[in-house]
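In full-length UniProt numbering, the protein residues as written are 1 to 348.
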(Lines of atoms letter the chains of each structure in order from A and count residues from 1; the text may use other names and numbers.)
(Lines give C-alpha, C1' and ligand atoms only; values in the text may rest on other atoms or scores of the structure.)
Protein backbone atom coordinates (compact mmCIF):
# COMPACT_ATOMS: atom_id res chain seq x y z
CA UNK A 1 0.00 0.00 0.00
CA UNK A 2 1.35 3.41 -0.97
CA UNK A 3 2.10 6.06 1.65
CA UNK A 4 -0.70 8.25 0.23
CA UNK A 5 -3.26 5.47 0.42
CA UNK A 6 -2.20 4.65 3.96
CA UNK A 7 -2.52 8.31 4.98
CA UNK A 8 -6.03 8.51 3.52
CA UNK A 9 -7.03 5.28 5.25
CA UNK A 10 -5.76 6.47 8.62
CA UNK A 11 -7.40 9.89 8.17
CA UNK A 12 -10.70 8.26 7.21
CA UNK A 13 -10.52 5.99 10.24
CA UNK A 14 -9.88 8.96 12.54
CA UNK A 15 -12.78 10.94 11.04
CA UNK A 16 -15.08 7.94 11.42
CA UNK A 17 -13.92 7.41 15.00
CA UNK A 18 -14.50 11.05 15.88
CA UNK A 19 -17.94 10.94 14.28
CA UNK A 20 -18.92 7.84 16.24
CA UNK A 21 -17.51 9.35 19.44
CA UNK A 22 -19.39 12.61 18.84
CA UNK A 23 -22.63 10.72 18.28
CA UNK A 24 -22.41 8.74 21.51
CA UNK A 25 -20.52 11.08 23.84
CA UNK A 26 -22.97 12.95 26.08
CA UNK A 27 -22.19 16.50 27.15
CA UNK A 28 -23.74 18.67 29.92
CA UNK A 29 -25.13 21.37 27.64
CA UNK A 30 -28.60 22.47 26.55
CA UNK A 31 -29.49 23.69 23.07
CA UNK A 32 -32.00 26.58 22.98
CA UNK A 33 -33.79 27.16 19.68
CA UNK A 34 -36.77 29.19 18.41
CA UNK A 35 -39.98 27.57 19.65
CA UNK A 36 -43.55 27.78 18.36
CA UNK A 37 -45.64 30.96 18.54
CA UNK A 38 -49.27 31.14 19.65
CA UNK A 39 -51.76 33.88 18.84
CA UNK A 40 -53.32 34.96 22.14
CA UNK A 41 -56.42 36.23 20.33
CA UNK A 42 -56.58 33.08 18.20
CA UNK A 43 -56.98 29.36 18.82
CA UNK A 44 -54.90 26.36 19.86
CA UNK A 45 -56.21 22.93 18.84
CA UNK A 46 -59.49 24.56 17.73
CA UNK A 47 -60.02 26.12 21.18
CA UNK A 48 -59.66 29.85 21.91
CA UNK A 49 -56.44 30.70 23.71
CA UNK A 50 -58.39 33.20 25.84
CA UNK A 51 -62.01 32.59 26.78
CA UNK A 52 -63.88 35.25 28.78
CA UNK A 53 -67.30 34.48 30.28
CA UNK A 54 -69.52 36.76 32.32
CA UNK A 55 -68.43 39.93 30.52
CA UNK A 56 -69.08 41.37 27.07
CA UNK A 57 -66.30 40.74 24.56
CA UNK A 58 -65.56 42.23 21.13
CA UNK A 59 -64.19 40.94 17.80
CA UNK A 60 -60.44 41.01 17.23
CA UNK A 61 -58.19 40.78 14.20
CA UNK A 62 -54.50 40.37 13.41
CA UNK A 63 -52.23 38.52 15.79
CA UNK A 64 -50.82 39.06 19.27
CA UNK A 65 -48.31 36.24 19.34
CA UNK A 66 -46.56 34.92 22.40
CA UNK A 67 -43.18 33.40 21.60
CA UNK A 68 -41.34 30.47 23.12
CA UNK A 69 -37.94 28.82 23.31
CA UNK A 70 -37.56 25.09 22.69
CA UNK A 71 -34.75 23.17 24.34
CA UNK A 72 -32.85 19.92 23.86
CA UNK A 73 -30.99 18.29 26.69
CA UNK A 74 -31.21 18.21 30.45
CA UNK A 75 -30.08 15.87 33.24
CA UNK A 76 -32.34 13.02 32.08
CA UNK A 77 -31.75 13.43 28.33
CA UNK A 78 -28.29 14.87 27.72
CA UNK A 79 -27.39 15.83 24.16
CA UNK A 80 -24.46 14.34 22.27
CA UNK A 81 -21.34 16.23 21.24
CA UNK A 82 -22.37 16.45 17.56
CA UNK A 83 -25.68 18.11 18.52
CA UNK A 84 -23.80 20.65 20.61
CA UNK A 85 -21.34 21.34 17.78
CA UNK A 86 -24.17 21.89 15.29
CA UNK A 87 -25.73 24.31 17.77
CA UNK A 88 -22.52 26.28 18.17
CA UNK A 89 -22.39 26.69 14.37
CA UNK A 90 -26.04 27.82 14.06
CA UNK A 91 -26.51 31.56 14.75
CA UNK A 92 -30.24 31.09 15.48
CA UNK A 93 -29.67 28.84 18.50
CA UNK A 94 -27.73 29.04 21.75
CA UNK A 95 -25.79 26.31 23.51
CA UNK A 96 -25.58 26.92 27.25
CA UNK A 97 -24.28 24.91 30.21
CA UNK A 98 -26.88 22.50 31.55
CA UNK A 99 -26.58 24.10 35.01
CA UNK A 100 -27.86 27.42 33.62
CA UNK A 101 -31.26 25.83 32.94
CA UNK A 102 -31.28 22.98 35.44
CA UNK A 103 -29.43 23.97 38.65
CA UNK A 104 -27.82 21.04 40.44
CA UNK A 105 -30.00 21.72 43.49
CA UNK A 106 -33.18 20.95 41.51
CA UNK A 107 -34.16 18.00 39.32
CA UNK A 108 -35.37 18.38 35.75
CA UNK A 109 -38.86 17.47 36.93
CA UNK A 110 -38.75 20.17 39.62
CA UNK A 111 -37.66 22.80 37.07
CA UNK A 112 -40.48 21.80 34.73
CA UNK A 113 -43.00 21.90 37.60
CA UNK A 114 -41.75 25.38 38.52
CA UNK A 115 -42.19 26.49 34.90
CA UNK A 116 -45.76 25.20 34.95
CA UNK A 117 -46.48 27.08 38.19
CA UNK A 118 -44.93 30.25 36.77
CA UNK A 119 -47.17 29.98 33.72
CA UNK A 120 -50.26 29.68 35.95
CA UNK A 121 -49.17 32.71 37.99
CA UNK A 122 -48.46 34.73 34.83
CA UNK A 123 -52.02 34.11 33.66
CA UNK A 124 -53.43 35.47 36.93
CA UNK A 125 -51.07 38.45 36.83
CA UNK A 126 -51.98 39.10 33.19
CA UNK A 127 -55.69 39.16 34.02
CA UNK A 128 -55.07 41.45 37.01
CA UNK A 129 -52.91 43.78 34.87
CA UNK A 130 -55.53 43.98 32.11
CA UNK A 131 -58.29 44.78 34.61
CA UNK A 132 -56.06 47.35 36.30
CA UNK A 133 -55.45 49.02 32.93
CA UNK A 134 -59.22 49.06 32.25
CA UNK A 135 -59.96 50.26 35.82
CA UNK A 136 -62.16 47.21 36.47
CA UNK A 137 -62.06 46.44 40.22
CA UNK A 138 -61.19 42.98 41.51
CA UNK A 139 -60.44 41.42 44.87
CA UNK A 140 -57.44 39.61 46.28
CA UNK A 141 -56.99 36.89 48.84
CA UNK A 142 -54.02 35.19 50.45
CA UNK A 143 -53.91 31.48 51.05
CA UNK A 144 -51.43 29.06 52.61
CA UNK A 145 -49.39 27.33 49.91
CA UNK A 146 -47.44 25.08 52.28
CA UNK A 147 -46.06 24.82 55.79
CA UNK A 148 -42.51 24.00 56.81
CA UNK A 149 -42.10 20.68 58.55
CA UNK A 150 -41.14 21.09 62.17
CA UNK A 151 -42.12 24.78 62.34
CA UNK A 152 -45.09 26.07 64.44
CA UNK A 153 -47.52 26.37 61.49
CA UNK A 154 -47.04 22.70 60.59
CA UNK A 155 -50.20 20.86 61.64
CA UNK A 156 -52.07 24.03 62.56
CA UNK A 157 -52.44 25.75 59.21
CA UNK A 158 -53.26 23.81 56.04
CA UNK A 159 -52.67 24.26 52.36
CA UNK A 160 -55.57 26.27 50.94
CA UNK A 161 -56.46 28.10 54.18
CA UNK A 162 -57.41 31.66 53.26
CA UNK A 163 -56.00 34.18 55.73
CA UNK A 164 -58.31 37.13 56.33
CA UNK A 165 -56.86 38.72 59.48
CA UNK A 166 -53.83 38.58 61.78
CA UNK A 167 -54.29 39.44 65.44
CA UNK A 168 -57.82 40.58 64.67
CA UNK A 169 -56.72 43.11 62.04
CA UNK A 170 -57.88 42.51 58.45
CA UNK A 171 -55.11 41.89 55.89
CA UNK A 172 -55.31 41.48 52.12
CA UNK A 173 -51.85 40.78 50.79
CA UNK A 174 -48.83 38.56 51.41
CA UNK A 175 -46.60 41.43 52.51
CA UNK A 176 -49.16 42.68 55.03
CA UNK A 177 -49.45 39.26 56.66
CA UNK A 178 -45.69 38.82 56.74
CA UNK A 179 -45.19 42.21 58.39
CA UNK A 180 -47.92 41.51 60.94
CA UNK A 181 -46.18 38.30 61.99
CA UNK A 182 -42.74 39.95 62.13
CA UNK A 183 -44.17 42.63 64.42
CA UNK A 184 -44.82 39.97 67.09
CA UNK A 185 -42.09 39.30 69.65
CA UNK A 186 -40.49 35.94 68.77
CA UNK A 187 -41.88 33.21 71.02
CA UNK A 188 -45.28 34.82 71.44
CA UNK A 189 -48.45 33.48 69.82
CA UNK A 190 -50.13 35.02 66.79
CA UNK A 191 -53.78 34.42 65.85
CA UNK A 192 -54.79 33.96 62.23
CA UNK A 193 -58.41 34.37 61.15
CA UNK A 194 -58.91 31.93 58.29
CA UNK A 195 -61.51 30.49 55.99
CA UNK A 196 -61.13 26.73 55.60
CA UNK A 197 -63.67 25.39 53.15
CA UNK A 198 -66.98 26.64 54.48
CA UNK A 199 -65.67 27.24 58.01
CA UNK A 200 -64.36 30.47 59.52
CA UNK A 201 -61.80 29.78 62.22
CA UNK A 202 -59.31 31.54 64.49
CA UNK A 203 -56.08 29.55 64.69
CA UNK A 204 -53.43 30.47 67.27
CA UNK A 205 -49.86 29.64 66.24
CA UNK A 206 -46.65 30.12 68.27
CA UNK A 207 -43.82 32.04 66.64
CA UNK A 208 -40.09 31.33 66.57
CA UNK A 209 -37.13 33.52 65.82
CA UNK A 210 -36.30 33.55 62.12
CA UNK A 211 -33.69 35.16 59.88
CA UNK A 212 -32.83 38.65 61.04
CA UNK A 213 -34.26 37.95 64.48
CA UNK A 214 -37.88 38.49 63.41
CA UNK A 215 -40.80 36.23 64.31
CA UNK A 216 -41.87 33.54 61.84
CA UNK A 217 -44.36 30.67 61.89
CA UNK A 218 -42.98 28.65 58.97
CA UNK A 219 -45.46 28.95 56.14
CA UNK A 220 -45.40 29.86 52.45
CA UNK A 221 -48.24 32.08 51.22
CA UNK A 222 -49.62 32.78 47.76
CA UNK A 223 -51.85 35.55 46.47
CA UNK A 224 -55.10 34.61 44.77
CA UNK A 225 -57.32 36.91 42.78
CA UNK A 226 -61.09 37.24 42.82
CA UNK A 227 -62.06 38.54 39.40
CA UNK A 228 -65.59 39.73 38.60
CA UNK A 229 -65.77 37.37 35.60
CA UNK A 230 -63.97 34.27 34.36
CA UNK A 231 -60.85 34.40 32.19
CA UNK A 232 -59.61 31.02 31.00
CA UNK A 233 -56.28 30.73 29.15
CA UNK A 234 -55.39 27.66 27.11
CA UNK A 235 -51.85 27.42 25.70
CA UNK A 236 -51.10 23.72 25.78
CA UNK A 237 -47.60 22.61 26.75
CA UNK A 238 -46.01 26.01 27.41
CA UNK A 239 -44.34 26.98 30.68
CA UNK A 240 -42.65 29.93 32.32
CA UNK A 241 -43.73 33.52 33.03
CA UNK A 242 -42.60 35.28 29.83
CA UNK A 243 -45.97 35.31 28.05
CA UNK A 244 -47.53 37.62 30.65
CA UNK A 245 -47.48 40.80 28.53
CA UNK A 246 -49.04 39.09 25.50
CA UNK A 247 -51.75 37.46 27.64
CA UNK A 248 -52.61 40.89 29.08
CA UNK A 249 -52.86 42.43 25.62
CA UNK A 250 -55.04 39.57 24.39
CA UNK A 251 -57.41 39.92 27.35
CA UNK A 252 -57.54 43.69 26.95
CA UNK A 253 -58.19 43.42 23.20
CA UNK A 254 -61.14 41.10 23.77
CA UNK A 255 -62.63 43.32 26.48
CA UNK A 256 -62.56 46.57 24.48
CA UNK A 257 -64.26 47.74 21.27
CA UNK A 258 -62.02 48.16 18.24
CA UNK A 259 -59.02 46.10 17.25
CA UNK A 260 -55.78 46.66 19.11
CA UNK A 261 -53.52 45.33 16.36
CA UNK A 262 -55.13 47.13 13.42
CA UNK A 263 -54.84 43.79 11.61
CA UNK A 264 -51.05 43.69 12.00
CA UNK A 265 -48.98 40.67 12.98
CA UNK A 266 -47.59 41.63 16.41
CA UNK A 267 -45.39 39.42 18.57
CA UNK A 268 -43.77 40.09 21.91
CA UNK A 269 -42.58 38.85 25.25
CA UNK A 270 -42.15 39.97 28.84
CA UNK A 271 -43.27 39.08 32.32
CA UNK A 272 -46.10 41.10 33.83
CA UNK A 273 -47.11 41.98 37.37
CA UNK A 274 -50.61 42.97 38.54
CA UNK A 275 -49.77 46.67 38.24
CA UNK A 276 -48.84 46.18 34.57
CA UNK A 277 -45.05 46.50 34.89
CA UNK A 278 -43.18 44.52 32.22
CA UNK A 279 -40.09 42.55 33.25
CA UNK A 280 -37.18 40.94 31.35
CA UNK A 281 -37.03 37.39 30.04
CA UNK A 282 -34.47 34.89 28.76
CA UNK A 283 -33.88 33.61 25.24
CA UNK A 284 -34.67 36.92 23.54
CA UNK A 285 -32.62 36.09 20.41
CA UNK A 286 -34.39 32.78 19.81
CA UNK A 287 -37.80 34.33 20.49
CA UNK A 288 -37.22 37.07 17.92
CA UNK A 289 -36.21 34.50 15.29
CA UNK A 290 -39.35 32.47 16.03
CA UNK A 291 -41.52 35.59 15.80
CA UNK A 292 -40.06 36.64 12.44
CA UNK A 293 -40.38 33.13 10.99
CA UNK A 294 -44.06 33.21 11.99
CA UNK A 295 -44.55 36.46 10.07
CA UNK A 296 -44.35 39.12 12.77
CA UNK A 297 -43.17 42.59 11.74
CA UNK A 298 -43.39 44.21 15.20
CA UNK A 299 -41.87 42.79 18.38
CA UNK A 300 -42.77 44.17 21.82
CA UNK A 301 -39.54 44.00 23.81
CA UNK A 302 -39.06 44.44 27.58
CA UNK A 303 -36.95 47.55 28.16
CA UNK A 304 -34.33 45.52 30.07
CA UNK A 305 -33.87 43.22 27.06
CA UNK A 306 -33.53 45.99 24.46
CA UNK A 307 -29.73 46.22 24.36
CA UNK A 308 -29.37 42.44 23.93
CA UNK A 309 -32.18 42.33 21.36
CA UNK A 310 -30.61 45.06 19.23
CA UNK A 311 -27.54 42.85 18.70
CA UNK A 312 -29.57 39.98 17.23
CA UNK A 313 -32.75 41.47 15.71
CA UNK A 314 -33.72 39.68 12.46
CA UNK A 315 -34.23 41.71 9.28
CA UNK A 316 -37.77 43.02 8.92
CA UNK A 317 -38.60 42.97 12.62
CA UNK A 318 -39.26 46.31 14.34
CA UNK A 319 -38.44 46.39 18.04
CA UNK A 320 -40.85 48.36 20.22
CA UNK A 321 -39.78 49.00 23.81
CA UNK A 322 -42.29 48.13 26.53
CA UNK A 323 -41.86 49.06 30.17
CA UNK A 324 -45.52 48.57 31.06
CA UNK A 325 -48.80 47.28 29.69
CA UNK A 326 -50.01 50.87 29.41
CA UNK A 327 -46.99 51.84 27.30
CA UNK A 328 -47.48 48.77 25.08
CA UNK A 329 -51.13 49.71 24.48
CA UNK A 330 -50.13 53.28 23.62
CA UNK A 331 -47.47 51.98 21.21
CA UNK A 332 -49.98 49.74 19.44
CA UNK A 333 -52.43 52.65 19.22
CA UNK A 334 -49.70 54.78 17.61
CA UNK A 335 -48.79 52.01 15.16
CA UNK A 336 -52.43 51.51 14.21
CA UNK A 337 -53.37 55.19 13.81
CA UNK A 338 -50.07 56.64 12.72
CA UNK A 339 -50.38 59.23 15.49
CA UNK A 340 -48.09 59.56 18.48
CA UNK A 341 -44.64 58.21 19.22
CA UNK A 342 -43.66 54.55 19.20
CA UNK A 343 -40.93 53.88 21.81
CA UNK A 344 -38.03 52.12 20.12
CA UNK A 345 -35.28 49.94 21.56
CA UNK A 346 -31.78 51.35 21.55
CA UNK A 347 -28.40 49.70 21.89
CA UNK A 348 -27.51 51.78 24.96
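We put the beta carbon where it would ideally sit given N, CA and C, even for glycine.
On a predicted model such as this, the values are computed, not experimentally measured, just so you know.
In the DSSP assignment, residue 199 falls within the beta strand (DSSP E) that extends over 199-206.
Beta-bridge partners of residue 48 (DSSP): 43. Segment contact: the region 290-303 against the region 152-159, fewer than three CB-CB distances shorter than 8 Å; contact not assigned. Counting C-beta atoms within 10 angstroms of its own C-beta, residue 119 has 16 or more neighbours from the protein chains shown and is therefore classed as buried. Residue burial is scored here from C-beta neighbours: residue 219 has at least 16 other C-beta atoms within 10 angstroms and is therefore classed as buried.
Per the DSSP secondary-structure output, residue 72 pairs in a beta bridge with 31. Counting only runs of 4 or more residues that sit fully inside the UniProt domain "Lon proteolytic" (234-335), the alpha helix (DSSP H) segments are 244-255, 284-293, 306-310, in chain order. Residue 64 is bridged by DSSP to 266. Exclusion of the five residues before and after residue 204 leaves 189, 191 as the residues of its chain whose Cβ lies within less than 7 Å of its Cβ. The beta carbon of residue 324 lies closer than 6 Å to those of 276, 277, 278 in the same chain, with the five residues before and after it left out. DSSP, reduced to helix, strand and coil, places residue 213 within a helical segment of the structure shown. Taken atom to atom, the span from the alpha-carbon of residue 128 to that of residue 247 is near 11 Å. Here residue 153 has 147, 205, 217, 218, 219 as same chain residues with Cβ atoms under 7 Å from its own Cβ, once five neighbours each way along the sequence are excluded.
Listed in chain order, the non-local C-beta contacts of residue 236 below 6 Å within the same chain comprise 44, local neighbours out to five positions each way being set aside. When beta bridges are read from the DSSP output, residue 97 appears opposite 29. Taking all protein chains shown into account, residue 61 has fewer than 16 neighbouring C-beta atoms within 10 Å of its C-beta and is therefore exposed. Classified as buried, residue 242 has 16 or more neighbouring CB atoms from the shown chains inside 10 Å of its CB.
Around the CB of residue 25, fewer than 16 other CB atoms lie within 10 Å, so the residue is classed as exposed. Contact check for residue 41 against residue 130 fails: the beta carbons are separated by 9 Å or more. Note on geometry: alpha-carbon atoms of residue 117 and residue 239 lie some 8 Å from one another. Rounded to the nearest whole angstrom, the C-alpha separation of residue 341 and residue 326 is 14 Å. Taking 8 Å as the upper bound for CB-CB distance, residue 283 and residue 32 are in contact here, some 6 Å apart. The C-alpha of residue 254 lies about 24 Å from the C-alpha of residue 292. Rounded to whole angstroms, the gap between the alpha carbons of residue 319 and residue 165 is 46 Å. Here residue 171 is buried. Its C-beta has 16 or more other C-beta atoms within 10 Å. One thing to note: residue 221 has its Cβ no nearer than 9 Å to the Cβ of residue 136.
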